[in-house]
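Notes to accompany the following structure.
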Amino acid sequence: MEAASTVTTRLERAQSLLTEALAEFACHAASLTSQDLLLASDFIEKISRQIDHSQIIAASAFESIGLPEGSAQFRDVAGFLQARLRITRSEARRRLELGNKVLASKSLIGAEIPARYPLLGALSSQGAVCKLGLKIAVDALDEATSIVSRHRNSPELLSQMEESLAQGLTQHHPDFVKQLCKRWSTLVDQDGQAPSPSELRQRQGLFRRGEYRGLTHFELWADQLQPETLLTVINAGTNPRKQTSDSSHAEDRSRPQQQLDSVISALGSALTAEVLPGTGGHRPQVHVTVDYRQLLAEIHESENESAVQQRSTAQFTGPIGAHNIRTIACDAELIPVVLGDTGEILDVGRRKRFFSRSQRAALVARDQGCAFPSCSIPSSWCEAHHIRWWQHGGETSTSNGVLLCSHHHHLIHQGKWSIENRTGRPEFRPPPWIDPRRTLIRNSYHQIPAAA
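Sequential numbering of the sequence shown, starting at 746, is according to this note's numbering.
See below:
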């Protein structure tokens, strides 16, 4: 009882001190220097996140010890929290659900039960993640857990996914973490629940749905491989780096209009035996990356069909099963790229002061898009950049090259960010006002960690 009294007394004192500090901040915020305002914002954000975590702890504790005496009118803890704290029922349930996933607990006999997602719980307790990002990551892991359990796949992938999402939460905003979760979802279940032949006959195809005021409505359902070819064609025509013959003409089409025009143009070119517009120094191709061990497994027809980690990666649509490569190779110009265990390029299909076509193909295989942290721009829209600048003596090689979209290419040339290639993959060092410690980070959207 004495310990409980001490806790509430200290919390009351902390609340009083925080109220004074926040009132002082409100009075002087507009007159602070930029550096002081940055530091103050960091402190406030961390305090807010630690309070979010404490709210999760409090809600979970009520669920553990039960409701106070005289609370029989409430059917559950969520209803009690809703009334007592004047929060929505959905917010109360969110706190309870997160507590069940990121907090350790005790069994009926007092034994310690570890948290389901301990890495996320540790970050939350440190004030390193916001509540929205935490919820996004937990929901994605719950879905992946269900898939792994249903398919009897290796649970080790879940630990790798949690580690990847934890890193993403500490380096990026929640919107990017959503994209990262989608990449992992595809990786976990890329070959699971494949549609049956009867379902394909029913759903797959191009459907003409009717006409309206001179417009025809089509609906498209494609399998895992078909979008890669379609997106290759679309990006050939919508690539913002592609030069037009009339530079004075302003583009007034919407992006969906440009995409449709790209498809129609490609079909027209096929009818007249013409070729597609160029992208990134060579004509559009389907790039598929496969690691060396999996390639050998495919050649020797390994019986390990339940292996979860399908490391074959298509340029636009992301992870795909390695067995699908044979199908693509029959119908498209395929540049196979073989990677070693650490991601170094062992071999690349050949097509040579600028990066040659084969060098660019190697960069595409390694970076798979703009390598800048949190950027999801595809490789066909990117430019090859010298990590050590050409004018500073940098060589034109894959080890000194990196793919960057136009925006981040210009950002790097401002000199505030720096790039290093110590492990065979580019890493970026942010300026001090982004991260005072200037910790090296890499793109975790295109580069999902490989399973051990």
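Just so it is clear, CB atoms sit at the ideal spot from N, CA and C, and this is done for glycine as well.
On a predicted model such as this, the values are computed, not experimentally measured, just so you know.
Environment of residue i [buried if 16+ CB atoms lie within 10 Å]
i: K846; result: buried
i: F1126; result: The sequence given here has Trp at residue 1126, not Phe. Result: buried.
i: S993; result: Any reading at S993 needs caution, since the residue's pLDDT is 42, under 50, leaving its predicted position unreliable; the model's value is listed next. Label assigned to S993: exposed.
i: I854; result: exposed
i: R758; result: exposed
i: T1184; result: exposed
i: V1008; result: exposed
i: N1188; result: buried
Residue closest to residue i, alpha-carbon to alpha-carbon, out of the options
i: L864; options: M906, S799, S1121; result: M906
i: S930; options: T915, Q827, T890; result: T890
i: H1191; options: S750, L868, G1139, A1116; result: A1116
i: C875; options: L903, D787, R1133; result: D787
i: T1143; options: F1099, E901, H1152; result: F1099
i: I1186; options: P1123, P1118, W1135; result: P1118
i: P919; options: G866, L879, H773; result: L879
i: H694; options: H1130, R861, R948; result: This structure cannot settle anything about residue 694, because the visible part of the chain is limited to 746 through 1197.
i: V752; options: A803, I792, I789; result: A803
i: S850; options: I810, T754, A837; result: I810
i: L767; options: S750, S779, I792; result: I792
Residue i - DSSP class collapsed to helix/strand/coil
i: P972; result: helix
i: G913; result: helix
i: S1121; result: coil
i: S809; result: helix
i: L962; result: Before going further, note that residue 962 is His rather than Leu in the sequence given. Residue state, collapsed to three classes: strand.
i: I792; result: helix
i: C875; result: coil
i: A1110; result: helix
i: L1148; result: strand
i: G955; result: strand
i: R834; result: helix
i: F1173; result: strand
i: E857; result: strand
Anticipated Cβ contact below 8 angstroms, residue i with residue j, distance rounded
i: L782; j: W1178; result: About 11 angstroms separates the two Cβ atoms, so there is no contact after all.
i: E733; j: L1149; result: The first residue shown for the chain is 746 and the last is 1197, placing residue 733 beyond what the model contains.
i: N1145; j: G1138; result: That belief does not hold up - the Cβ atoms of N1145 and G1138 are roughly 10 angstroms apart, past 8 angstroms.
i: P1181; j: K1161; result: About 14 angstroms; that fails the 8 angstroms criterion.
Proximity of residue i and residue j at Cβ, strictly below 9 angstroms
i: Q969; j: Q871; result: no
i: L932; j: L910; result: no
i: L826; j: F807; result: yes
i: L843; j: I801; result: yes
i: R1111; j: G1169; result: yes
i: I892; j: D934; result: yes
i: L960; j: G950; result: no
i: G1114; j: S1103; result: no
i: A744; j: A837; result: In this structure the chain extends from 746 to 1197, so residue 744 is not present and cannot be described.
Neighbour flag for residue i against chain C, beta carbons, 9 angstroms
i: Q1004; result: Among the chains in the structure shown there is no chain C, since it carries only a single protein chain.
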